[in-house]
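**Student:**
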Amino acid sequence: MQFVKYHGLGNTFLIGLASRLPENPSKLAQTLCGAQTGLGADGLIFGISCGDEDIETQMVLFNADGSRAEISGNGIRCLAHELFSQNGFIGPLLILTDAGVREIKFIEGNSDEALIEVNMGQVTFGPKIEFAHLGIVNDFDIPQIGTVDVGNPHIVLQVRDISLVDIGVLGSTVESAWNDDGINVHAMEVISRDEISILTWERGVGVTEACGSGAIASSASAYQWGLVGENVTVSMAGGEAHVSYHKEGFLLKGSSVRMNSHEVSISG
50 MQFVKYHGLG NTFLIGLASR LPENPSKLAQ TLCGAQTGLG ADGLIFGISC
100 GDEDIETQMV LFNADGSRAE ISGNGIRCLA HELFSQNGFI GPLLILTDAG
150 VREIKFIEGN SDEALIEVNM GQVTFGPKIE FAHLGIVNDF DIPQIGTVDV
200 GNPHIVLQVR DISLVDIGVL GSTVESAWND DGINVHAMEV ISRDEISILT
250 WERGVGVTEA CGSGAIASSA SAYQWGLVGE NVTVSMAGGE AHVSYHKEGF
300 LLKGSSVRMN SHEVSISG
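Encoded structure:
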């Protein structure tokens, strides 16, 4: 089976297209995503047939630790990039995820690198939590905390100076105090009314260069708190994404880069 490696702002994924899932995809994700045992990636994405002529494919995502995730904003752009490359960049595309159907548009680019926009839909805020629930003291100078569901769960912690944050320490501490399903953790500094900066700890992965759904969660939180407007640039270690709020939902625009491809012998 062919797997194509992509990155969305440094967030790496292996993409495989098939009619159905192979045997034990969770174990396969652990093996292939491991730097020592496989190709190295933050996640493994299958695009599989779903039997609906209006939907291009079903996205099934596994984190590097083998856990299944509902959606990834960077991952779905990478999957769409591979699909656009195969269909001659005809779109938009509808992709079914565990969080629902998402519409993806090709903006510009080619098979090697493309700018792609995905409608991530509406978000849900809550539940409300306090510092004591997270097992941390407020020594990071955190004015506000919020939880957001973008189809997958996030916690956003506003900080005054992101350069002082060790996201590995903060993220692992916060997630370990959460429930067994885990949660994505983001430290966010508001730079201006139209720019924020975030650091990310992803459940099932750890520290990552970027997080597309985290860019949505952080922008939505900042918007709800009255700190930014409807159009926001999100700066991450791996680059910039652009988030805009419309009545139909939050739009996420960012780059996708094709890295290499590999033939892997698997069963199922």
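Numbers in this note's numbering are just positions in the sequence shown, counted from 1, shifted up by 49. Cβ atoms here follow ideal geometry from the backbone N, Cα and C, with glycine treated the same way. Since the model is a prediction, treat every value here as computed from it, not as a measurement.
1) Near G170, what residues of its chain come up, given a Cβ to Cβ distance below 6 Å and the 5 sequence neighbours on each side ignored?
2) Please name the residue in G115, I94 and G149 whose C-alpha comes closest to that of A129.
3) Between which two residues does the alpha helix (DSSP H) holding A78 run?
4) H295: buried (16+ other C-beta within 10 angstroms of its C-beta) or exposed?
5) Which residues mark the beginning and the end of the alpha helix (DSSP H) in which E128 is found?
6) Can you tell me which of the three DSSP states A286 falls into?
7) Could you pull out every unbroken beta strand (DSSP E) segment of at least 3 residues lying fully inside the stretch 186-237, listed in chain order?
8) Please report the residue range of the alpha helix (DSSP H) in which Q273 lies.
9) Can you give me the Cβ contacts of V281 inside the same chain, cut-off strictly under 8 Å, excluding the 5 residues immediately before and after it?
10) Out of Y55, G65, Q51 and C82, point me to the one whose CA is closest to G255's CA.
11) Leaving aside the five residues before and after V150 along the sequence, list all residues of the same chain whose C-beta is less than 6 Å from its C-beta, in chain order.
12) Do T196 and N60 come within 7 Å of each other at the CB atom, strictly closer than that value?
13) Could you check if I331 is buried or exposed, using at least 16 other CB atoms within 10 Å of its CB as the buried criterion?
14) Going along the chain, which residues of its own chain have a beta-carbon closer than 6 Å to the beta-carbon of D190, five neighbours each way excluded?
15) If we call anything under 7 Å between Cβ atoms a contact, is H207 one with M237?
16) For G253 and N112, which I take to be in contact (beta-carbon distance under 8 Å), what is that distance rounded to the nearest angstrom?
17) Three-state secondary structure (DSSP) at S160?
18) Is it right to say V167 is buried, meaning 16 or more other beta carbons lie within 10 angstroms of its own, or is it exposed?
19) Per DSSP, what are the beta-bridge partners of A148 in this structure?
20) Take the Cβ of I165 as the centre, count every other Cβ of all protein chains shown within 10 Å, and call the residue buried at 16 or more, exposed below.
21) What separation, rounded to the nearest whole angstrom, lies between the Cα atoms of L248 and G263?
22) Mind checking whether G124 and F62 have CB atoms under 7 Å apart?
**Tutor:** Let me lay it out:
1) G298
2) I94
3) P74 to C82
4) exposed
5) Per the sequence presented here, residue 128 reads as Leu, with Glu not at that position. Per DSSP, L128 belongs to the alpha helix (DSSP H) from G122 to N136.
6) coil
7) 194-198 and 202-207
8) G261 to Q273
9) D243, E244, I245, S268, A271, Y272, H291, V292 and S293
10) C82
11) L143
12) no
13) Outside the modelled stretch of the chain, which goes from 50 to 317, sits residue 331, for which no answer is possible.
14) R209
15) The residue asked about is misnamed: residue 207 is Gln in this sequence, not His. In contact: Q207 and M237 (Cβ atoms closer than 7 Å).
16) 3 Å
17) coil
18) buried
19) The partner list for A148 (beta bridge, DSSP) is empty, contrary to what the question assumes.
20) buried
21) 9 Å
22) yes
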